[in-house]
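Counting with my numbering, you get residues 30 to 310 for the letters of the sequence shown.
Here a beta-carbon is modelled for each residue, glycine too, at the ideal position from N, C-alpha and C.
From a predicted model like this one, the values you see are computed outputs, not experimental measurements.
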Amino acid sequence: MLDILWLAILLGLYIGVIPVYIGMLPIDRFRNLDPKWMTFLLCFTVGVLLFLLIDLGAEAMEEADSFIAAMQVADTATGSVPALDMAIFDLLGLSLAPHAGYAILIFGLTLGLLGLVYVDERIRGRVDTSSGEKLAWLIALAIGLHNMGEGLAVGITVSAGVTALANSLIVGFALHNLSEGIAIIGPLAKSGELPSIKRLLGLGALAGGPTILGAYIGLTWFANSLAIFFFAIAAGAVLYVVVEVLAGLRKDGTSLNAWSLHGGVLAGILVMYVTSLFVAL
């Protein structure tokens, strides 16, 4: 068990923690950018988050469909079904169990949204609400929930012994998460803030650390229902942060026709798409 824990830690560090920290390194340089490029950088964050939102939604839907298939397997006893999924089948029966996947999806999405509302209110008491740091913490939390799903995917493939796919996922996700580090420092750069090293380390740990937990669960105990919940709660959190960032841009008087807005969003989506291709290789 200890060997599995160390493996999960190493996977999480390589996939999530280290790439996020590397992506955060240029924060001091970005603080001196022209205001238009500051807006571009914050909109790059929006693009990254929008890509993550679409990706998480697709993953949650895919797992919900897989859950339906798992319930059919449980009914016919033609294969093995994860223990948690089997428990849901035994509790609800064949007539209701297949619908549980989408119920979990809706519940997770709602919990992610409401959870971020609660976290936002808690942060308001500790951080200046007009500062970029508040937004950076929300972004880091949403990205962290997303990265838990990435850790889960890698943990499952490593546990299954699919070495080639596991290596591809590890490299792909590591490249992918460099952009997420940049997304976290976007609001800090725009507001001209430079938090303490301790707070920057905390932001990176919040964004990358959950990858370790996801990898551990994937290595030891996986269920379709659990995957649905992880992806859905992350999607809800990301959705809330996207709305918050866009509201902040609107409040700052950013024109909806500004090239920095459209260019930043498109750049964020494009970078995430290109790096995601390494995952698919």
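Check	Outcome
Nonlocal neighbours in the same chain, by C-beta distance under 7 Å from L34, ignoring five residues either side	Y245
Check whether V75 and V270 have beta carbons under 7 Å apart	no
Reduced DSSP secondary structure (H/G/I, E/B, other) of P55	coil
G237 (DSSP reduced to helix, strand or coil)	helix
Euclidean distance between Cα positions of A234 and L164	16 Å
Beta-carbon proximity list for V274, same chain, < 8 Å, skipping 5 on both sides	L71, T74, V75, L78, L164, I168 and P216
Terminal residues of the alpha helix (DSSP H) in which S109 lies	Taken as a continuous stretch (DSSP letters only), S109 belongs to no alpha helix (DSSP H), as it is neither H nor E.
Spatially closest choice to V148 from A266, Y302, S289 and L306, by CA coordinates	A266
L42, enclosing alpha helix (DSSP H) - first and last residue	Segment: none, L42 is in no alpha helix (DSSP H) and carries neither H nor E.
7 Å Cβ cutoff met for I172 and F258	no
Proximity to I51 [Cα-Cα], best of L232, D84 and H291	L232
Residue from L248, G277 and I226 whose Cα sits closest to the Cα of M53	I226
Environment of W288 [buried if 16+ CB atoms lie within 10 Å]	exposed
Cut-off 6 Å between Cβ atoms - residues of its own chain near V110, not counting five sequence neighbours on either side	A99, V102 and A103
For F202, the nearest candidate out of L36, V49 and G144 (CA to CA)	V49
Three-pair Cβ contact test at 8 Å for the segment 114–121 versus the segment 235–244	no
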